[in-house]
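Chemist: After the structure tokens below, expect a handful of questions from me.
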Amino acid sequence: MRESFPHLHVSSGFSARYGASHPHDLVARASERGIGALALTDRDMVTGTVRFAKAATAARVKPLFGVDLGIAPHVPAVEARRRTPVRGGAHVAEAPFRATFLARDAAGWARLCRLVSCAHADAFAAGAPPAASWEVLGRYAGEGLVVLLGPASEPLRALAGGRPDIAEQLLAPWRQAVGRGLRLETVCWGLSGTGPGSVRLAAHTLALADRLGIPAVLTNAVRYADRSQHRIADVLDAARLLRPVDRRRLDCGERWLKDGPAMTEIAERVAAAAGGGRARAEQLLADTAAVAEACEVDPVRDLGLGVPHFPEPSVVGAEAGPGGAMRLLRQRCESGMAARGLDRDRRSMDQLDYELGVIGRLHYEPYFLAVAQVVADVRDMGIRVAARGSGAGSMVNHSLFVATANPLEHHLLFERFLSERRSSLPDIDIDVESARRLEVYDRIIERFGRERVAVTGMPETYRARHALRDTGLALGIAPATVDRIAKSFPHIRACDIRSALSELPELRDLAAEAGRYGPLWELAESLDALPRGIAMHPCGVILSNTSLLDRLPVQPTPGGEYPMLQADKEDVEDLGLLKLDVLGVRMQSAMAHAVMEIRRTTGRAIDLDNPDHVPLDDRFAFALIQASDTVGMFQLESPGQQDLVGRLQPRGPQDVIADISLFRPGPVQGGMPALYIAARHGAAPTYPHPDLEPVLRDTYGVTIWHEQIIDILAVMTGCNRALGEVARRALSDKERLPKVEAWFRQQAGAHGYGPTVLDEVWDVVSSFGAYGFCRAHAVAFAVPALQSAWLKAHHPAALYAGLLEHDPGMWPARVIVADARRHNVPVLPVDINTSKAQYTVEETGSGWGVRIALATVHGISDDEVARITAGQPYTSLQDLYARAHPKLPTVERLISIGALDQLKGEATRRDLLLQAAEIHRQARTRPGAGQLPLATTPHAANSSGLREMTARERLDAELGVLKIDVSRHLMEDHHRLLREIGATDAKHLRAMHPGQRVLVAGVRASTQTPPIASGKRIIFVTLEDGSGLVDLAFFEDSHERCAHTVFHHGLLLVRGTVEARGPRRTVVGEMAWDLDELAAARATHGPQAVLDLLGQSPSPTPAQPASGRTIPHGTAGARLHPWSDLQPAGTRSADLTRFGHRSPGSPG
């Protein structure tokens, strides 16, 4: 009885919607069960390889690397007519056959990677699932690989069908392609019949192997770590095949990671069924172990784990041979220093020499040359580009024109970016215009070649909503019901579904019917964090040498434009690959659009990066910031930031840099904003020790930045900054934290610091150091923040056009429109003769205005927009039809929002709708596809007596077609009601005193439940009422009364108490009502009915258990409430596509 058994065929959760266990869980079970060797053979992917290798190495389990790959039939089958799914749903094609490939060595791994890449490329071109063709197999399935042909392979399918003769014929090409590496895979789950997992097929497989002299191996074709997970496999099958669970094909429950004794029993059973004895079983086990022993792929040596792989120096223009890359780098740096006027500054040149020394010793010259080349290419394309992140602290980057700010002027530290003590690669983020990001990708590929460049993959994992959707489908629950259930949940982890159902007040209605859906909740939770698929990372680009495709496979992105690496951003860092984060920043596109419109309308060419054009200390821009009038400003527009800048009253760029840094979880947890603001306004700064005054003087004794933590550690312990950065990074690791504390106390104590000082400083360092903000980040963010503020102060119409075109911030378009109106910038409706594809600036009688773009119209195609703009101007509806050929739904939408009002004469919009339908009917019935028969078509719109659309109908049309209330603010219909009940609008709220009770109303523009350091759950809501924004906070004691209404309605009336920490006002909500419901009551029963409703206490949510639970948050540095919504700000805006309709809203 063997105690250890090597599993050669194991699928993890990275076999998307197939494997039910994470790689680290499989490794943990293998270690517990004495399994000495474990393969990871995910379906068509190797995405889990890196984390599997790390987990296996840590657990001292030998990792084997492979893939379970789809295989094309040897003889292509005749295309058969697809049968309609018995229970409905979609057709999902899967590879007809499969085989498992294991890498024996580095050459085998390289062949495997190429094999997988080709399978995906060919499949994408054919619109089919990944499957290796026989041409590809002949090219790569040779030396260095072991190939297992199991029950899903073509030969064993024939064997299962009772045709051993055909099976033998089909094995011949495999023997020729693979040679001595071929194995027949015996799988037995104790099933009856002759199908996969049956005793009979396993025995026939063993007999066939013996007859042909092909070694056989035993596997369990593992899909999950534990027996209890078999129901998850059924759900995943249903999700993958887009159909309810088929009870005739349920998982057998035997495909778990069995230990040695269990697999020995299976071997003996199969051997006996094949007519052999215990000796044959022992031989089967020995042959299986021999394969595991033969597979010797070392994660470091062969996969390249932890070894940097940069583009070859020659690719970036360096001379061949030793020192060529450094000579080129130094030459370019010195030229850049001269161009910046720093070549005579001794301090700057010393810093450059120091950095070049570190870079040379680490052999990172190609990295910096490659990044500099990318940035230069982007600039040459006329695309706005700016570096962000810790790389801005490098003088080398500054001299190469990668980073704008002088690191010495801003007290930035090179060691925060790179040092010889740092084990991870440096990281440079490049911000480009989002609208042109893919152009940048194309240029990088053109420059470096597809053999060196790929985009990063990004596994999409199950969270609550997707888990509920897929599980609901599997259980056969009606799609509309599943959709309603999923949308009810916030953006939380799937493992918290049942807890949320019992604890969240806004889910009370759903909780009441929860029992109706049986195992939905439990099964959905079991999918937590399993990968659903892989997508293109929004910014990661990999630059490597020509060995890239030998170390990891690539597959086409969903659109087919780019090769996508089968690894995520953490994996590529572990593999030593240069990852360049090319971030498409919509604000950069918005500002570029604004500059373009300024030039088009005024002829003035503005360079935002030229301080002579755009001074960063502009007093008009700072007047807006100090007034918290920051909607549309990069990094400064959220409700929390509006509150912070109102209290801080920034007076210069350094204040904005500090503000951006203070608005982070770490500083907020430590109470840093209040301390900084008090000192900024005159309070005497305090320092833990006089030695730290030089470190903290810029921030009035308040610790804000990572760089300050590094310097504090360096000053007090005597270490260099490189070691200080290593210690700072270790602060986020709870296992290393005690060691760092012991080191700090010992070293600082030895330098004469007493226990009181040590305690005070350590409290700051430990609570903040790992979770604060990098000063270099803040400097990089402050520049576009102040540039956008300058545009709003001096060219507001152009900025609003850019904001509406590129949607860069947290606010929906209708809030941007309302803000424009408050700044006396007219927002002009869609006009068939003047609107263009993009938002444009137009001169009006009252100044510059913004014309809404044709592309904003719901359902209009790019081709229609192009045809309409090319044919402008039009004289009639007939003229529009004759020359632009729009679809009827497009014309109807344009008419309904008034885009053709200039053409209708005395007719009404309803007349035009009738005429459009008639023209469309004639066009469909006429012979040919030429011009409209103008002789029989009226040239002018005639009135048919239909009444004009009412103001409410027009507004409804605008919200439905544009999602913008153009003709008037949608709250205007409620002004009379709000006056009757004494509600206060945003404009007058600013004059209210703290403690006053008020009624406020508006459109729900934003809803958040962000991480709070206290671990409490607070619902933050922002209402927009036409006169401004109203910020609301609902604390936990109000959730039972208010949460359901707040999350499920788009128009709200709220009663609360005014609070003020600065010039802005916040209302602490106590009660909330659906404003539509109140308006309906008034219309039906009069004003008294509304007062009666306001006087009633709504039925509270049934008492919910107070969990008191908190969860750690890796980036916030705090214990957080489990229902904190980690989505970006503004993602919970109300769905108000129909005016007067109750919005379902969204709690997540």
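Take the sequence shown: its position 60, counted from the start at 1, is 50 in this note's numbering, and no numbers get skipped. By construction, the Cβ of each residue, glycine as well, lies at the ideal position given by its N, Cα and C atoms. For clarity, every value in this text was computed on a predicted model and none was experimentally measured.
Based on Cα-Cα distance, which residue from V562, D608, S628 and A787 lies nearest to H583?
Modeler: Locating residue 583 in the sequence shown gives position 593, counting from the first residue. Among V562, D608, S628 and A787, the Cα nearest to that of H583 belongs to A787.
Chemist: Would a C-beta distance cut-off of 9 angstroms place Q545 and S107 closer than the cut-off?
Modeler: Within the sequence shown, numbered from 1, the residue matching residue 545 stands at position 555. Within the sequence shown, numbered from 1, the residue matching residue 107 stands at position 117. Yes.
Chemist: Would you mind working out which of E795, W801, R804 and L870 sits nearest D821, comparing C-alpha positions?
Modeler: If you number the sequence shown from 1, residue 821 lands on position 831. The option with the nearest alpha carbon to D821 is L870.
Chemist: Once DSSP output is grouped into helix, strand and coil, what is the label at Q998?
Modeler: In the sequence shown, residue 998 corresponds to position 1008, counting from 1. Three-state result, Q998: strand.
Chemist: Mark P543 as exposed unless 16 or more other C-beta atoms lie within 10 angstroms of its C-beta, in which case mark it buried.
Modeler: By one-based count along the sequence shown, residue 543 stands at place 553. P543 is buried by the Cβ-count criterion.
Chemist: Please report the distance separating the alpha-carbon of Q1094 from that of S492.
Modeler: By 1-based counting over the sequence shown, the position of residue 1094 is 1104. By 1-based counting over the sequence shown, the position of residue 492 is 502. Its pLDDT being 37, under 50, Q1094 is placed unreliably in this model, and the coordinates cannot settle the point.
Chemist: Distance, Cα to Cα, P816 vs L638?
Modeler: Locating residue 816 in the sequence shown gives position 826, counting from the first residue. Locating residue 638 in the sequence shown gives position 648, counting from the first residue. One C-alpha to the other measures close to 31 angstroms.
Chemist: Expressed to the nearest angstrom, what Euclidean distance is found between the alpha-carbon atoms of T1091 and A502?
Modeler: Within the sequence shown, residue 1091 is the residue found at index 1101, counting from 1. Within the sequence shown, residue 502 is the residue found at index 512, counting from 1. Confidence at T1091 is low in this model, with a pLDDT of 36, below 50, so the placement of that residue is unreliable and no value is reported for it.
Chemist: Mind checking which residues open and close the alpha helix (DSSP H) that includes I524?
Modeler: By one-based count along the sequence shown, residue 524 stands at place 534. Careful: I524 lies outside any alpha helix (DSSP H), inside the beta strand (DSSP E) at P521 to L533.
Chemist: Between the Cα of A476 and those of G505, Y8, A514 and P509, spot the shortest distance and give me the residue it belongs to.
Modeler: Looking up residue 476 in the sequence shown gives position 486. Of the candidates G505, Y8, A514 and P509, the one whose C-alpha sits nearest the C-alpha of A476 is A514.
Chemist: For F600, is the classification buried or exposed, using 16 other Cβ atoms within 10 angstroms of its Cβ as the cut-off for buried?
Modeler: Numbered from its first residue, the sequence shown carries residue 600 at position 610. Checking the displayed sequence, the identity of residue 600 turns out to be Asn instead of Phe. Exposed is the call here.
Chemist: Go through its chain and collect everything with a Cβ distance to L878's Cβ below 8 angstroms, but skip five positions before and after it.
Modeler: Here the question's residue 878 lines up with position 888 in the sequence shown. Cβ within range, chain order: A906, A907 and H910.
Chemist: Among the residues of its own chain, which have a CB less than 6 angstroms from the CB of T926, if the five just before and after it don't count?
Modeler: For the purposes of this step, residue 926 is taken as residue 936 along the sequence shown, with counting starting at 1. Residue placement at T926 cannot be trusted, given a pLDDT of 42 that sits under 50; what the coordinates show is reported in the next sentence. Here the set comprises nothing.
Chemist: Using beta-carbon positions only, say whether M385 and Q341 come within less than 9 angstroms of one another.
Modeler: Numbered from its first residue, the sequence shown carries residue 385 at position 395. Numbered from its first residue, the sequence shown carries residue 341 at position 351. Closer than 9 angstroms, so yes.
Chemist: Determine the closest residue to R718 out of Y690, G762 and L748, with distance taken between C-alpha atoms.
Modeler: Mapped onto the sequence shown, residue 718 falls at position 728. Checked all of Y690, G762 and L748; the closest Cα to R718 is G762.
Chemist: For W752, list the residues DSSP reports as bridge partners.
Modeler: Here the question's residue 752 lines up with position 762 in the sequence shown. In DSSP, W752 forms no bridge with anything.
Chemist: Can you tell me where the alpha helix (DSSP H) holding A715 begins and where it ends?
Modeler: Counting from one through the sequence shown, the residue named residue 715 turns up at place 725. For clarity, residue 715 is Glu in the given sequence; the question names Ala instead. From DSSP, the alpha helix (DSSP H) with E715 extends over R711 to A720.
Chemist: Give a yes or no on whether the C-beta atoms belonging to P798 and S628 are separated by under 9 angstroms.
Modeler: Here residue 798 refers to the residue found at position 808 of the sequence shown. Here residue 628 refers to the residue found at position 638 of the sequence shown. No.
Chemist: Using the beta-carbon count (16 or more within 10 Å), is Y8 buried or exposed?
Modeler: The sequence position of residue 8 within the sequence shown is 18, counting from 1. Buried.
Chemist: Return helix, strand or coil for T940, following the three-state DSSP convention.
Modeler: Stepping through the sequence shown from its first residue, residue 940 is reached at position 950. Note: T940 maps to coil in three-state DSSP.
Chemist: Could you check the C-alpha separation between S1 and V212 for me, to the nearest Å?
Modeler: Residue mapping note: residue 1 aligns to position 11 of the sequence shown, counting from 1. Residue mapping note: residue 212 aligns to position 222 of the sequence shown, counting from 1. So the alpha carbons of these two residues sit roughly 6 angstroms apart.
Chemist: The alpha helix (DSSP H) that contains E405, what's its start and end?
Modeler: Translated into positions along the sequence shown, residue 405 becomes position 415. Unbroken run through E405: none, as it is neither H nor E.
Chemist: If the criterion is Cβ atoms closer than 9 angstroms, does the pair G134 and A100 meet it?
Modeler: Here the question's residue 134 lines up with position 144 in the sequence shown. Here the question's residue 100 lines up with position 110 in the sequence shown. Result yes, Cβ atoms of G134 and A100 sit closer than 9 angstroms.
Chemist: Using beta-carbon positions only, say whether L247 and A215 come within less than 9 angstroms of one another.
Modeler: Along the sequence shown, one-based indexing puts residue 247 at 257. Along the sequence shown, one-based indexing puts residue 215 at 225. Yes. Within cutoff.
Chemist: Going by DSSP, what residues sit across from T451 in a beta bridge?
Modeler: Numbered from 1 along the sequence shown, position 461 holds the residue referred to as residue 451. According to DSSP, T451 bridges with P521.
Chemist: Suppose contacts are defined by Cβ-Cβ distances below 9 angstroms. Is A193 in contact with L274 by that definition?
Modeler: Working through the sequence shown from its first residue, we reach residue 193 at position 203. Working through the sequence shown from its first residue, we reach residue 274 at position 284. Contact flag unset, no.
Chemist: Please identify the residue among E896, L232, V646 and V754 whose C-alpha is closest to the C-alpha of Q698.
Modeler: Residue mapping note: residue 698 aligns to position 708 of the sequence shown, counting from 1. Per the Cα distances, V754.
Chemist: Among L567, G714 and Q892, which residue has its Cα nearest to the Cα of R411?
Modeler: Within the sequence shown, numbered from 1, the residue matching residue 411 stands at position 421. That would be G714, whose Cα lies nearest to the Cα of R411.
Chemist: Do three or more CB pairs link the segment 37 to 44 to the segment 265 to 282 at distances below 8 angstroms?
Modeler: No, they do not touch.
Chemist: Thinking just about the alpha-carbon of each residue, which of D749, P154 and T620 is nearest to the one in I806?
Modeler: Residue mapping note: residue 806 aligns to position 816 of the sequence shown, counting from 1. I806 has its Cα closest to that of T620, out of D749, P154 and T620.
Chemist: Under the three-state reduction of DSSP, which class applies to G630: helix, strand or coil?
Modeler: The residue given as residue 630 occupies position 640 in the sequence shown. Here G630 sits in helix by DSSP.
Chemist: Excluding the 5 residues preceding and the 5 following S143 in the sequence, name in chain order all residues of the same chain whose CB lies nearer than 6 angstroms to its CB.
Modeler: Within the sequence shown, residue 143 is the residue found at index 153, counting from 1. Same-chain partners within the cutoff: F87 and A89.
Chemist: In terms of residues, what are the limits of the beta strand (DSSP E) holding T209?
Modeler: In the sequence shown, residue 209 corresponds to position 219, counting from 1. A206 to T209 is the span of the beta strand (DSSP E), which, as asked, contains T209.
Chemist: Thinking C-alpha only, which one of T536, H456, G296 and R488 is nearest L520?
Modeler: Reading the sequence shown from its first residue, position 530 is the one you call residue 520. When each option's Cα is compared against that of L520, the closest is H456.
Chemist: Buried or exposed, going by whether 16 or more other CB atoms sit within 10 Å of the CB of P876?
Modeler: Position 886 of the sequence shown, counted from the first residue, corresponds to residue 876. With 16 or more Cβ atoms within 10 Å of its Cβ, P876 is classed as buried.
Chemist: Classify S304: buried if its beta carbon has 16 or more other beta carbons within 10 angstroms, exposed otherwise.
Modeler: Taking the first residue of the sequence shown as 1, we reach residue 304 at position 314. Exposed, because fewer than 16 other Cβ atoms sit within 10 Å of the Cβ of S304.
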